[in-house]
Amino acid sequence: MDQLTFQFPAQPCKPSAKASLCGVVSSGNLEVLITQGGQPNGCEVSIHTSARGFAPIWQAVLADFAAQHALGGTAITINDMGATPAVVTLRLGQAFRDYCGGAQ
Amino acid sequence: MNLPQPSPPSRGPSFYEATARQRVNRLLDAQSFAEFLPPQSAHSSPHLALLDLPGALDDGVVIGSGTLGGKPVQIIAQEGQFLGGAVGEMHGAKIVGLLQRAIRDKPLAVLFLVDSGGVRLHEANAGLIALSEIMRAVLDTRAAGIPVFALIGGMCGAFGGMGIVSRLCSAILMSEQGRLALSGPEVIETVAGVEEFDSRDRALVWRVTGGKHRYLMGDCVALVEDDVEDFRQTIITLLAQWQENPPEPHALRAEQERLTQRCQQFSGMRDGLEVWAALGVPNPQQIPLLERDALVTLRQGLSL
Amino acid sequence: MPTSLPSSTWDTRRQRRQARLQRATQAGIGRHVPAERIKTLLETVIAPGDRVCLEGNNQKQADFLAQALSECDPQQLHHLHLVQSVLALPSHVDLFERGIASRLDFSFSGPQGGRLARLVQDRRIEIGAIHTYLELFGRYFVDLTPDVCLITAQSADAAGNLYTGPNTEDTPLIVEATAFKSGIVIAQVNERLEHLPRVDVPGDWVDYVVVAPRPNHIEPLFTRDPAQITEIQILMAMMTIKGIYAEYGITRLNHGIGFDTAAIELLLPTYATALGLKGKICTHWALNPHPTLIPAIESGFVQSVHSFGSEVGMDAYIAARSDVFFTGADGSMRSNRAFSQTAGLYACDLFIGSTLQIDLAGNSSTATLGRITGFGGAPNMGSDPHGRRHASPAWLKAGREAAGPQAIRGRKLVVQCVETFREHMTPVFVEQLDAWKMQESLGMALPPIMIYGDDVTHVVTEEGIANLLLCRTPEEREQAIRGVAGFTPVGLARDQAQVDQLRARGVIRRVDDLGIDPRLATRDLLAARSVKDLVRCSGGLYTPPSRFRNW
Amino acid sequence: MTLFPLLDTLFPAGHDASVTRQVIAGTAHTAIGPVALLGTVDAAAISHDIALRLASQVLDLVDQHPGRPLIFLVDTQGQALARAQELLCLNGSLAHLARCVDLARRRGHVTLGLITGEAVSGGFLSFGLMADRVYALQSAQVRVMDLKAMARVTKIPHERLVALAASSPTFAPGAENYHRMGAIEALWDTPSSELLEQALAQLRASQPGGDNRLQQGRLRGGRQEAAAIVAAVLAA
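Residue numbers (my numbering), protein chains in the order written: chain P, 152 to 255; chain C, 226 to 529; chain W, 524 to 1074; chain A, 867 to 1102.
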């Protein structure tokens, strides 16, 4: 298992009291939890992943997502069982929409 | 875009496919669910971390309270996709805690969405003890006059200790996809050989453990569609008429009688087809293909 | 007039055939062979060095005859040259390990790929060539004509007429090549019948018939459980339907096997119908009877399907839909691999399939190190046939995209649909295909490339569609591929400015460019979410194999 | 030690236990009066038949001897592994047995489990683990699955599991682990009538209705998370 942490600069988003969780920790899948973070212009990401040695890809996927979404002021926790970047991006998008108020 | 409905009659969101969280949110009244120990205030299992496995923030089970048809209920939902919904230390403790809390808070019922292979082997001892505690807690909850309903329709079914727990509940609702048994077919095949139980013969697996068979045998009170809404409506109906009785010797005597008699009646049989024929089902081969409503009608016509 | 006649006789093959048949008669074996005498027959009518075709492809198998041949005495039978579609059964490989056969010309090896590679490395097998189906079929009539063929059918009558049932597949073609060049035809059947439902192979083309102790094995190769289709595959299917099928007006097509294409099939009654595409796309198919096509058929999307073979559990459904499928007077389907392959090559405007690796030129391969799997039919489908002359709007549009308005021919659309990473984070996009390493290690004439890059017109990934027809230089082509390769090393090495430019030109189109709302990409969009749904949709006519059930 | 010498040691004042098709039944004399004996021998695989015969005896006891303490003698390899058993819902018969034990408890029967041989998963859950207090002989084998099989199923290397088992009681077989986690009250070096009398007297005196295993597991340090989580759920 790899344990990774990243910080990305990001446009601030409207803080939400409601945490948002999407996905399940299962083969090829992951859970993404978005909560309020400490820095209004940044996003802190903490990852546990069963797949070792993919830090650069996580960095790239998350940086790309952070560049396209106003993640400032959020903290993201990820538990991963070998999800591909496509699935990671999908879950991040679902969790973020939910966090921003698109509740189910 | 206005999408047409899919042509087959798979009506609402599938219970089988949904995650535990989706099941809870769709089963209860909209926006009514309040989670206990939500993921943002939780940590995942230290035992899994020791084995170098990523845990889940809810340790594979969602608990909380909400309303169902406006009535207060508490709810437990196992996540079958996370390690087969299996029970470890934290997972089990959340369930025990919820049941203890139900005894204190007196909701109208506890809904237990079972989706589990039983003990989580990575935490085998903790899991076994937790299952024993869950068994006692379910019986305590019922003795306090609060019914506990097991809803079985997930990918992992209800196996091992969770199979026992399910049968300790006030009643079981199953979909056709649901499975209820003690040992999984794979375990029996591994120990006793493929001739005893071919776990890859999935039609056989369902004829032995599946929802339709359990319904025909009276081991679950209701057979529902694989549709969260159907689970919801059925439980609402059931709840409206439910009377939770304290444990009484005469009731257990009657159950003893029923079980003993049925072991004699179906002695030596190894396939649902044989049992259904013995129950008087005219064309047993047709059972797996029957739709839910047709099966319910068929069962009502049997003198069970 | 020649002044002298050639000294040699001109019917040596026929004479040899007669001699062999006679030897069998002397051994007391007539047309109908008892199962327990099959080895005697094989040892009597086959001679060392013969070219033998053992029928079998990735669906039905002459498994009883294969087993019997592999148990023959290597002292009597050796140096056989096998010419067959697929090396699928363990007994096929046993033939080489036991020294009965030594040379092989084939198309596909699937599950035996690992054992085959070891035999090649140990020099215990000599491979003539690895073909596509059509090439091999063609060579049966040119220079690889079988001396003996061992085939399989459903039933036979007293006269040796054969009924194949829906899995006709390669049988007529193999028999034709063998019987009309003085070869010997031996058929295993599942049953003897007084009256056949129909005759697929006339009895006077067949020399021997044996009722096998067990029905021939048929693999349900084309069944994909809708329950396993992911949201990413649904998104890619939406992109393909809207960005390719709708834009080119694809009516005649072939789909590869896989969940990506199953997703497309299951979106036709929902997503494609909502886009108003019913009747405008996907009406005519060269396709095996995929169970996932049932909802599209039932919703009236599909007008015609011709099949290479049948599919386990689909027979009753096919029989009840004779407007769509090719069926005989008996009601059941007649498939034909050779004709369907030809249809896929020449009569279809589009092929779409998935693959394991794609390089920067668009070459793709399913070769895995240490396994020789071969090609099957995909390269026939997934290639632009330069011999095509008839035009269609889709073919013309593609041709003009590639060569401008003055194009003198069209192009077949060859689409590769892949997620950028496979399971275990294995990137699909690579700098160099494993096929090259394989060529080197096994000393092959060519790297086993499944579909050549210059045949590929579109690459679809979750990142978007790359239209390679619009690329004008190899460099553009490379950047277009990198541009949809996502976070793979190949994708990360893209030239962002060039990729942005390609996107501006419409060479690369992202989900947003296609006007697709990714939030719609949920499993609720599938016309069937489970095998049970497919059964319901078929009105109970589809009876899936047990392993696909959860009821 | 085989069953009868063991019973003679445990109940010097006498007992009339008998074994029918792996099921023990009888009454023993103790300082607190007659106690009912119930259990299985020879590592019985718990089937419908065994579960229902055990349940029937519990129901008879509740009927005929209200309040009489119950001693469970546990020796089971787990549940019977057969398709015919599952066809008739084996988990249902095991649940029925558990409910009968629960009824006895609610009717004032104290229950004591003693693991004499093996105690494995389903067979243990339905019966032994339902007792108010469980004791084990030092030689008892308590487990869900042995480590080799566990390594196969979880795909974690066997050596890794063995190494971790030295420091964690959470997954590896062993009565001591179950003691540390609160499910076994004590391990007895040898069968002893004194220890049994003591345990019965304590039980009788404390009349435990509730499940104390969470607290014991926390106090003994073998199960740190569970009690805290239950408390947190109650406080949430």
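Ideal Cβ placement from N, Cα and C applies to all residues, glycine included.
Bear in mind that the values here come from a model prediction, so they are computed numbers and not experimental data.
Bridge partners - residue i, DSSP secondary structure assignment
| i | result |
| --- | --- |
| Q296 of chain C | For clarity, residue 296 of chain C is Lys in the given sequence; the question names Gln instead. Partner(s): C:L293. |
| H718 of chain W | In DSSP, H718 of chain W forms no bridge with anything. |
| Q880 of chain W | W:S888 |
| T850 of chain W | W:M856 |
| T977 of chain A | A:L936 |
| W1054 of chain A | A:L1003 |
| H199 of chain P | P:Q154 and P:N230 |
| A989 of chain W | W:V982 and W:I1031 |
| F159 of chain P | P:C194 |
| R775 of chain W | W:H807 |
| Q469 of chain W | As displayed, chain W neither begins before 524 nor continues past 1074, which places residue 469 of chain W out of reach and without an answer. |
Cα-Cα separation, residue i to residue j
| i | j | result |
| --- | --- | --- |
| A125 of chain P | M494 of chain C | This structure does not reach residue 125 of chain P, given that chain P is present from 152 up to 255, and the question cannot be answered. |
| I757 of chain W | R737 of chain W | 41 Å |
| C994 of chain W | V1022 of chain W | 12 Å |
| A254 of chain P | R248 of chain P | A caution first: A254 of chain P carries a pLDDT of 40, below 50, which makes its placement in the model unreliable, though a value can still be read off. Rounded to whole angstroms, A254 of chain P to R248 of chain P spans 8 Å at the Cα level. |
| R1072 of chain W | G989 of chain A | 31 Å |
| T225 of chain P | G189 of chain P | 7 Å |
| V953 of chain W | P908 of chain W | 27 Å |
| M442 of chain C | L577 of chain W | 50 Å |
| C595 of chain W | I569 of chain W | 11 Å |
| A997 of chain A | A1017 of chain A | 31 Å |
| T984 of chain W | R1042 of chain W | 17 Å |
| R203 of chain P | E754 of chain W | 25 Å |
| V176 of chain P | L1069 of chain A | 44 Å |
| I389 of chain C | P264 of chain C | 28 Å |
8 Å Cβ cut-off: residues of chain C touching residue i
| i | result |
| --- | --- |
| T186 of chain P | Q265 |
Beta-carbon proximity list for residue i, same chain, < 8 Å, skipping 5 on both sides
| i | result |
| --- | --- |
| P231 of chain C | Residue placement at P231 of chain C is flagged as unreliable, the pLDDT there being 41, under the threshold of 50; the coordinate-derived value follows with that caveat. Within the same chain, P231 of chain C has no close Cβ partners at all. |
| V321 of chain C | A355, E358, I359 and A362 |
| A910 of chain A | Q888, V889, I916, D941, T942, Q943 and G989 |
| T806 of chain W | T774, R775, F824, V825, Q826 and S827 |
| A839 of chain W | L1064, Y1065 and T1066 |
Neighbourhood of residue i by C-beta distance below 7 Å, restricted to the same chain and skipping five residues each side
| i | result |
| --- | --- |
| S858 of chain W | P689, N690, T691, E692, S830, F831, G832 and S833 |
| R919 of chain A | V889 |
| K803 of chain W | G772 |
Interface partners of residue i on chain W, CB under 7 Å
| i | result |
| --- | --- |
| V238 of chain P | I755 |
Partner residues on chain A for residue i, Cβ-Cβ distance less than 8 Å
| i | result |
| --- | --- |
| I413 of chain C | L947, A948, R949 and E952 |
Under 9 Å by beta carbon: chain W residues contacting residue i
| i | result |
| --- | --- |
| V196 of chain P | Those within 9 Å of V196 of chain P in chain W number zero; the least Cβ separation is about 15 Å. |
Chain-ordered chain C contacts of residue i [CB-CB under 7 Å]
| i | result |
| --- | --- |
| V212 of chain P | Result: empty, since nearest Cβ-Cβ is about 17 Å, beyond 7 Å. |
| S201 of chain P | L278 and P279 |
Listed by chain order, chain P residues near residue i by CB distance under 9 Å
| i | result |
| --- | --- |
| E946 of chain W | S178, G179, G233 and T235 |
Close-in-space but distant-in-sequence residues of the same chain around residue i (CB under 6 Å, 5 per side omitted)
| i | result |
| --- | --- |
| P792 of chain W | P818, A819, S822 and A1050 |
| A1180 of chain A | This structure gives no information on residue 1180 of chain A, because the portion of chain A shown stretches from 867 to 1102. |
| G1088 of chain A | P1035, R1046 and M1047 |
| G987 of chain W | V1007, I1031, R1032 and R1033 |
Neighbouring residues, chain C, relative to residue i (Cβ below 9 Å)
| i | result |
| --- | --- |
| V183 of chain P | Those within 9 Å of V183 of chain P in chain C number zero; the least Cβ separation is about 10 Å. |
| F938 of chain A | Chain C residues near F938 of chain A: none, gap ~13 Å exceeds 9 Å. |
Residue i Cβ short of 7 Å to the ligand SAM heavy atom set
| i | result |
| --- | --- |
| C966 of chain A | The ligand SAM is not among the ligands present in this structure, which contains no ligands whatsoever. |
Per-residue contacts from residue i into chain A (C-beta, under 7 Å)
| i | result |
| --- | --- |
| Q325 of chain C | V1096 and L1100 |
Threshold first: 4 residues or longer. Then list the alpha helix (DSSP H) segments lying entirely within the region 595 to 656 of chain W, N to C.
613 to 620 and 636 to 644
Note down, one range per segment and in chain order, each beta strand (DSSP E) of at least 3 residues found wholly within the region 913 to 964 of chain A.
936 to 945
At which residue ranges does the region 786 to 873 of chain W contain complete alpha helix (DSSP H) runs of 4 or more residues, listed in the order of the chain?
Taking only runs of at least 4 residues, the alpha helix (DSSP H) segments lying wholly in the region 786 to 873 of chain W are 817 to 821, 838 to 842 and 860 to 865.
Contiguous beta strand (DSSP E) assignments of at least 3 residues, all confined to the region 997 to 1036 of chain A:
For the region 997 to 1036 of chain A, whole beta strand (DSSP E) runs of length 3 or above, ordered along the chain, are 999 to 1003 and 1007 to 1009.
Run through the region 330 to 383 of chain C for me and flag every whole beta strand (DSSP E) of 3 or more residues, listed as ranges in chain order.
334 to 339 and 373 to 377
Considering only residues of the region 235 to 314 of chain C, which uninterrupted alpha helix (DSSP H) runs meet the minimum length of 4 residues and lie entirely inside it, listed in chain order?
245 to 252 and 271 to 275
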